[in-house]
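K.L.:
Residue numbers (the working numbering): 970 to 1280.
#1: DSSP on residue 1209, reduced to helix/strand/coil?
#2: State yes or no: is the C-beta of residue 1129 within less than 8 Å of the C-beta of residue 1121?
#3: Quick test of the definition: if touching needs 3 or more C-beta pairs under 8 Å, does the stretch 970-985 touch the stretch 1241-1250?
#4: For residue 1064, report the span of its beta strand (DSSP E) as first-last.
#5: What runs of the alpha helix (DSSP H), each 4 residues or longer, lie entirely inside the stretch 1053-1140?
#6: For residue 1223, I'd like the list of residues in its chain whose CB is within less than 7 Å of its CB, leaving aside the five on either flank, ordered along the chain.
#7: Count the CB pairs spanning the stretch 1029-1038 and the stretch 976-983 that are closer than 8 Å, and state whether there are at least three.
#8: Do residue 1009 and residue 994 have their CB atoms nearer than 8 Å?
#9: Check the C-beta distance from residue 1229 over to residue 1212 and give it rounded, since I have them as a contact under 8 Å.
#10: Taking Cβ positions, are residue 1155 and residue 1204 nearer each other than 8 Å?
#11: Assuming residue 977 and residue 1015 form a contact by the criterion Cβ under 8 Å, report the distance between their Cβ atoms to the nearest whole angstrom.
#12: Here's the rule I'm using: 16 or more other beta-carbon atoms within 10 Å means buried, otherwise exposed. How should residue 1280 be labelled?
#13: Would you say residue 1060 faces chain C, with C-beta separation under 8 Å as the test?
#14: Is it buried or exposed for residue 1073, if we count other Cβ within 10 angstroms and need 16 for buried?
#15: So the candidates are 1109, 1064, 1112 and 1215; which of them puts its Cα closest to the Cα of residue 1089?
#16: Spatial neighbours of residue 1107 within its chain, please: CB distance less than 7 Å, with the 5 preceding and 5 following residues excluded, ordered by chain position.
#17: Determine, using beta carbons only, whether residue 1053 and residue 1078 come nearer to each other than 8 Å.
#18: Given this structure, state the Cα-to-Cα distance separating residue 1194 from residue 1029, to the nearest angstrom.
#19: Rounding to the nearest angstrom, what Cα-Cα distance links residue 1187 and residue 1049 in this structure?
#20: Using alpha carbons as the reference points, say which of 1209, 1132 and 1042 lies closest to residue 1097.
#21: Run through the DSSP bridge pairs and tell me what residue 1228 is partnered with.
#22: Tell whether a beta-carbon distance below 8 Å holds between residue 1026 and residue 1166.
#23: Would DSSP call residue 1011 helix, strand or coil?
#24: Who are the near neighbours of residue 1210 in its chain, counting only those whose CB is closer than 6 Å to its CB and skipping five residues on each side?
#25: Quick one, are the C-beta atoms of residue 1087 and residue 1057 less than 8 Å apart?
#26: Quick one: what does DSSP say residue 1174 is sitting in, helix, strand or coil?
#27: Between the Cα of residue 1183 and the Cα atoms of 1071, 1139 and 1237, which residue gives the shortest distance?
#28: Flag this pair as yes or no: are the beta carbons of residue 1092 and residue 1111 separated by less than 8 Å?
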């Protein structure tokens, strides 16, 4: 009822934690059985270890969170030698998030991390709004997105999913460029660029001044963009952006996502992924679906009408 097959990924269910919101799973593994997850998107890896941006780098907002972490991570070798071996004990495909400051950075990380046995796919991070070089610079120009995707595809041993930024005029244009360059799938959306100001000083709350807005406030934007992009490309989409419940998952599937990633909600409720997975079968039955695949793309005009009396 819940299994989904995507390039490189055989998922027990369509729910996974989003990169950057689950670390490398260590803390969460003491709370519930990670084997329950559809997959795990681990935190980004860059060639060298990064401390990230100066603090403060997180601020609450109504309906969401603003962050400017800046891709803090232990570096490629730290991830390969220190984090991925611990995840070998779980029967869950790992999606490794790849980042860098140049095409050569991305290629180095992708080539080496894709050869780790329990890495099933890569998530190419061309959409981080919180780093000065790389990141979103690759995700806002179709040619740069295509060049980077093609370069990573040449060296990767596993399928490549490109993570798209919402901070563009036409996200479909970037999606099409990534598909034509060989992307096996897309993940979307990353955070929306935002800012908060301190009422006493008038200065930005975040040391980085701007940060990425995530959480339920961005869900309608994510739904709209997934609906649009899923009409423009033929490769699968892993959707994300404010998911907090099984009902939210259904809405993302209707929009055209084939699976979903849960981000900010993990900080509010660390059991959220497990609870959503538990709730999915009853919710699908409530709306007359026998399998999660039947929900995908229901929002499209040429999709078959749902049969709510079938259950």
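No residue lacks a Cβ here, since even glycine has one placed at the ideal position from N, Cα and C.
All values derive from a computational prediction rather than experimental measurement.
P.N.:
So, to answer that:
#1: Position 240 of the chain shown, counting from 1, holds the residue named residue 1209. Note: residue 1209 maps to strand in three-state DSSP.
#2: Position 160 of the chain shown, counting from 1, holds the residue named residue 1129. Position 152 of the chain shown, counting from 1, holds the residue named residue 1121. Contact annotation: residue 1129 and residue 1121 have beta-carbon atoms nearer than 8 Å.
#3: The stretch 970-985 vs the stretch 1241-1250: in contact.
#4: Counting from 1 along the chain shown, the entry for residue 1064 is found at position 95. Start and end: 1063-1067.
#5: Entirely contained in the stretch 1053-1140, the alpha helix (DSSP H) runs reaching 4 residues are, in chain order, 1072-1082, 1105-1108 and 1111-1124.
#6: Within the chain shown, numbered from 1, the residue matching residue 1223 stands at position 254. For residue 1223, same chain residues with a beta-carbon under 7 Å away, outside a window of 5 residues either side, are 1264, 1267 and 1268 in chain order.
#7: Counting Cβ pairs under 8 Å, fewer than three are found: no touch.
#8: The sequence position of residue 1009 within the chain shown is 40, counting from 1. The sequence position of residue 994 within the chain shown is 25, counting from 1. Cβ distance < 8 Å, so residue 1009 and residue 994 count as in contact.
#9: Numbered from its first residue, the chain shown carries residue 1229 at position 260. Numbered from its first residue, the chain shown carries residue 1212 at position 243. Indeed, because the Cβ distance is near 6 Å, the residues count as touching under 8 Å.
#10: Your numbering for residue 1155 matches position 186 in the chain shown. Your numbering for residue 1204 matches position 235 in the chain shown. A contact, by the Cβ cut-off of 8 Å.
#11: Locating residue 977 in the chain shown gives position 8, where the first residue counts as 1. Locating residue 1015 in the chain shown gives position 46, where the first residue counts as 1. The C-beta distance from residue 977 to residue 1015 rounds to 22 Å, too long to fall under 8 Å, and the pair is not in contact.
#12: Within the chain shown, residue 1280 is the residue found at index 311, counting from 1. In this predicted model, residue 1280 has a pLDDT of only 39, less than 50, meaning its place in the structure is not dependable; the value taken from the coordinates is given anyway. Counting Cβ neighbours within 10 Å, residue 1280 comes out exposed, since fewer than 16 surround it.
#13: No chain C appears in this structure, which consists of one protein chain only.
#14: Indexing the chain shown from 1 puts residue 1073 at position 104. When all chains shown are included, residue 1073 counts as exposed.
#15: Start at 1 with the first residue of the chain shown, and residue 1089 comes out as number 120. Comparing Cα-Cα distances from residue 1089 to each of 1109, 1064, 1112 and 1215, the minimum goes to 1064.
#16: Within the chain shown, numbered from 1, the residue matching residue 1107 stands at position 138. If you ignore the 5 residues before and after residue 1107, its C-beta comes within less than 7 Å of the C-beta of 1095, 1113, 1114 and 1117, all in its own chain and listed in chain order.
#17: Working through the chain shown from its first residue, we reach residue 1053 at position 84. Working through the chain shown from its first residue, we reach residue 1078 at position 109. Contact: no.
#18: Along the chain shown, read from residue 1 onward, the residue named residue 1194 stands at position 225. Along the chain shown, read from residue 1 onward, the residue named residue 1029 stands at position 60. Their Cα atoms are separated by approximately 24 Å.
#19: Locating residue 1187 in the chain shown gives position 218, where the first residue counts as 1. Locating residue 1049 in the chain shown gives position 80, where the first residue counts as 1. Spanning the two alpha carbons is a distance of roughly 33 Å.
#20: Here residue 1097 corresponds to residue number 128 of the chain shown, with the count starting at 1. Checked all of 1209, 1132 and 1042; the closest Cα to residue 1097 is 1132.
#21: Taking the chain shown and counting its residues from 1, the one referred to as residue 1228 is at position 259. The partner list for residue 1228 (beta bridge, DSSP) reads 1207.
#22: One-based indexing of the chain shown puts residue 1026 at position 57. One-based indexing of the chain shown puts residue 1166 at position 197. Contact: no.
#23: Start at 1 with the first residue of the chain shown, and residue 1011 comes out as number 42. Here residue 1011 sits in coil by DSSP.
#24: For the purposes of this step, residue 1210 is taken as the residue at position 241 of the chain shown. A distance below 6 Å between beta-carbons, with the five flanking residues on each side excluded, links residue 1210 to the following residues of its chain, in chain order: 1158, 1187, 1188 and 1191.
#25: Within the chain shown, residue 1087 is the residue found at index 118, counting from 1. Within the chain shown, residue 1057 is the residue found at index 88, counting from 1. Contact: yes.
#26: Locating residue 1174 in the chain shown gives position 205, counting from the first residue. Coil at residue 1174, not helix or strand.
#27: Here residue 1183 refers to the residue found at position 214 when the chain shown is read from its first residue. Looking at the Cα atoms, 1237 is the closest of the given residues.
#28: Locating residue 1092 in the chain shown gives position 123, counting from the first residue. Locating residue 1111 in the chain shown gives position 142, counting from the first residue. No, the pair does not count as a contact, with Cβ atoms beyond the cut-off.
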